[in-house]
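Structure, as structure tokens:
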DNA sequence: TCTACTCTTTGGACTATACCAATATTTAGG
DNA sequence: CCTAAATATTGGTATAGTCCAAAGAGTAGA
């Protein structure tokens with residue numbers, strides 16, 4: 248089982264600091280030669296390291312050393328930007344689309360609305376140190392936020408807009424965490440190869456008055472995140 | 248991209264009910280022939296389905312259709328058995344080892360104890376419908392539970408023993424969720440191939456009096472679980 | 001009927017190679 | 001010096017086998 252040795256060798260180089268976070272590994276053909284094996288076996292080893300979250304790849308660009316994951320507490324309202332800054336990371340957000348649409352079956356169900364209701368849909372990609380790590384889609388009950396899209400969604404966080412312009416704040420969050428893999432446009436937006444392991448966080452958010460506000464689906468590159476939280480039991 | 252067609256064909260068969268939960272897929276060689284391709288490509292497709300959580304494999308035994316994941320709320324004290332029963336699933340637990348050991352560096356740190364302290368270590372494998380899905384290791388502060396190992400750990404849940412014999416209950420839980428992959432003994436115990444995607448849940452549990460009781464590391468087959476919880480924000 | 005041994009099938013791992021399209025790099029041109 | 005076109009490199013996908021050890025099935029013996 249030769250790929251174990253390859254794995255270990257690469258892990259050692261990472262831990263010894265020969266390879267540092269976000270650094271590109273040599274080309275597959277070069278690595279395969281260095282380890283005296285074929286690309287197939289080499290890629291087997293790399294895929295395993297990818298599953299462990301030690302390396303990641305960018306589609307057709309190569310393999311890179313994974314940086315430390317960001318710690319994420321779904322029970323905090325802290326938005327991505329503030330969460331990142333609190334951890335001395337460099338966040339950036341790219342707005343892909345913000346528009347009013349008719350609710351899909353899936354979105355309508357999540358928002359507890361009849362099919363084809365008017366909702367807002369906001370798609371964003373979020374970066375850490377210029378690496379795209381998160382693809383988020385928000386579905387928002389339109390009737391709660393008239394003219395939401397006239398606010399500058401590309402510069403302000405949604406939670407800030409909710410609070411400042413509509414007096415609405417998150418009070419209760421239902422979340423679900425699953426593992427899956429990145430496909431299609433989402434994979435592309437994250438510069439990932441289809442099939443890259445992912446962590447999926449789905450949240451449904453309720454306001455102070457118990458009203459359902461919005462829901463979001465987050466696709467994280469799985470090595471970029473660790474969920475970290477505390478639960479108090481009321482017993 | 249032929250493996251996409253293979254994926255879709257298999258997904259379709261699952262969704263049409265031709266293949267049902269826990270059913271074994273045909274042998275790789277048969278499938279490869281059926282799709283007119285090589286085993287390498289076929290395995291590529293299967294690995295992708297594995298990453299998506301639609302199929303799983305048992306080491307050297309073959310590929311199977313993933314059943315519905317179990318929903319797991321880390322903020323509930325419900326132990327595995329009750330959680331499973333509440334969801335009409337059939338749980339079983341196998342005790343691998345329960346012994347008093349000297350704390351490893353890692354365990355000592357988690358338990359906030361000096362190195363080489365006396366602790367209990369309990370290793371268990373948990374099954375759903377006779378499929379091994381979870382490998383748990385508990386590290387327990389020995390001084391809080393004299394003679395714990397004389398109780399029947401193989402028949403009773405740890406939380407029950409804590410409560411009934413020592414009057415200790417969980418009050419606060421710190422948890423961390425990561426994705427990784429199964430390796431070595433853990434993979435073996437779960438009948439998994441090394442490298443199988445996994446969800447890792449680490450918990451540190453505190454009692455009513457705020458005292459650190461124990462911690463546990465849970466390795467889940469990633470397709471067997473979805474984390475499902477609610478957070479109330481105190482704002 | 002149950003156990004122990006044998007044979008066959010199957011998954012895991014690996015070699016060697018090939019083609020294509022998207023990158024990255026170099027070169028030529030304004 | 002900057003831009004655009006030509007070229008080289010590289011990752012993604014696929015073919016066609018091979019070898020091995022574990023698992024499963026079948027068989028013979030107690």
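Chains as they are written, first to last, in the working numbering: chain A, 248 to 482; chain F, 248 to 482.
Even for Gly, the Cβ is constructed at its ideal location relative to N, Cα and C.
Every value quoted in this text rests on a predicted model; they were computed, and no experiment measured them.
Judged by DSSP in its simplified three-state form, residue 311/F adopts strand. Between residue 363/A and residue 349/A, the beta carbon gap of about 5 Å places them in contact (Cβ cut-off 8 Å).
Judged by their CB atoms, residue 360/F and residue 388/F are nearer to each other than the 8 Å cut-off. Going by beta carbons, residue 322/F and residue 481/F fall outside the 8 Å limit. In the DSSP assignment, residue 368/F forms a beta bridge with 346/F and 386/F. Taking a contact to require three or more Cβ pairs closer than 8 Å, the stretch 448-466 of chain F and the stretch 254-263 of chain A do not qualify as touching. Take the alpha-carbon of residue 317/A and the one of residue 329/A: they are about 12 Å apart. Distance from the CA atom of residue 297/F to the CA atom of residue 411/A, rounded to whole angstroms, is 44 Å.
For residue 452/A, the three-state secondary structure derived from DSSP is strand.
Between the alpha carbons of residue 310/A and residue 336/A lies a gap of roughly 22 Å. In the three-state reduction of the DSSP assignment, residue 340/F falls in the strand class.
The continuous beta strand (DSSP E) containing residue 302/A extends over residues 302-305. Under the three-pair Cβ rule at 8 Å, the stretch 395-406 of chain A does not count as touching the stretch 425-439 of chain A. Chain A places a beta carbon closer than 8 Å to that of residue 295/F, counting this residue as a contact. Secondary structure at residue 435/F: helix, using DSSP grouped into helix, strand and coil. Taking each of 287/F, 267/F, 414/F and 408/F in turn and checking the Cα distance to residue 456/F, the smallest one comes out for 414/F. Taking a contact to require three or more Cβ pairs closer than 8 Å, the stretch 267-283 of chain A and the stretch 416-424 of chain F do not qualify as touching. Counting other Cβ atoms within 10 Å of its Cβ, residue 295/F reaches 16 or more and is therefore classed as buried. By the neighbour-count criterion, in which a residue is buried when 16 or more other Cβ atoms sit within 10 angstroms of its Cβ, residue 478/A is buried.
Its chain contains 326 as the residues whose beta carbon lies nearer than 8 Å to that of residue 407/A, once the 5 sequence neighbours on both sides are disregarded; these appear in chain order. Residues of the stretch 462-479 of chain F with a C-beta atom less than 7 Å from some C-beta of chain A are 469, 473, 474, 475, 476, 477, 478 and 479, listed in chain order.
Each of 268/A, 356/A and 372/A was checked against the Cα of residue 341/A, and the nearest Cα belongs to 372/A. An exposed status is given to residue 281/F, since fewer than 16 other beta-carbon atoms sit within 10 Å of its beta-carbon. In terms of beta-carbon proximity, residue 422/F lines the interface with chain A, with at least one pair separated by less than 8 Å. In the three-state DSSP reduction, residue 407/F falls in the helix class (H, G or I). Where residue 461/A is concerned, the enclosing beta strand (DSSP E) starts and stops at 459-468.
Residue 425/A: member of the beta strand (DSSP E) spanning 417-428, first to last residue. Looking at the DSSP output, residue 447/F shares a beta bridge with 425/F and 466/F. Counting the other CB atoms within 10 Å of its CB gives residue 267/A a total below 16, which places it among the exposed residues.
Between the alpha carbons of residue 276/F and residue 285/A lies a distance of about 23 Å.
Put simply, the backbone Cα of residue 380/A is about 41 Å away from that of residue 345/F.
C-alpha of residue 390/F to C-alpha of residue 347/F: approximately 11 Å in a straight line.
Taken through DSSP and simplified to helix, strand or coil, residue 360/A comes out as coil. Under the DSSP assignment, residue 285/A falls outside any beta strand (DSSP E); it carries neither an H nor an E label. For residue 298/F, the residues of chain A that pass the 7 Å Cβ criterion are 428, 442 and 444, in the order they occur in the chain. Closest option to residue 308/A, judged by alpha-carbon separation, among 467/A, 469/A and 437/A: 437/A.
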